[in-house]
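In what follows, a single structure is set out as structure tokens and then discussed.
In my numbering, the protein residues as written are -14 to 140.
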């Protein structure tokens, strides 16, 4: 997998391709085209404080039924979109198909969400990856997102 990633990167440097959507392949588009981005199911309104799952506006508790009786070591979780459909494909393409340009898209979505929540961010810390996964994948996806998010948040 690492060799495949290195070879793809090398070939891209030698023979740069025209820009294409990383999901559907539409030529001449941004990293992710408008059609694909419009299909992402963004979270809006009330979300669970622990898992960030969308909750009904009529739901008055801060925790969803799945999280109510569990303990967590953080105060609040935030998510940009539902992990299904095109959103799930976005994450999968990034992590398992080596489409690292998607890190910039995810970082932009996260930065927008943090700004909308009026949160002051002091640090962005990537989740460590097991050395075997790093060797297999060829990159740490959370590090790429953290670096791009840090740049956007100016930290």
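Idealized CB from N, CA, C, for every residue including glycine.
* **Close beta carbons around residue 135, own chain, < 7 Å, minus the five adjacent residues each side** => 109
* Asked: Which whole-angstrom value is the C-beta distance of residue 35 and residue 52, which I expect to be below 8 Å?
  -> 4 Å
* Asked: For residue 5, which residues does DSSP report across the bridge?
  -> 12
* Between the C-alpha atoms of residue -12 and residue 13, what's the straight-line distance to the nearest angstrom? -> 28 Å
* Can we say the stretch 69 to 78 touches the stretch 41 to 51, given the rule of at least three CB pairs closer than 8 Å? -> no
* 4 or more residues per run - each alpha helix (DSSP H) lying fully within the stretch 76 to 130 -> 87 to 101, 116 to 122
* Asked: Using the rule of at least 16 other Cβ atoms within 10 Å of the residue's Cβ for burial, across every protein chain shown, is residue -5 buried or exposed?
  -> exposed
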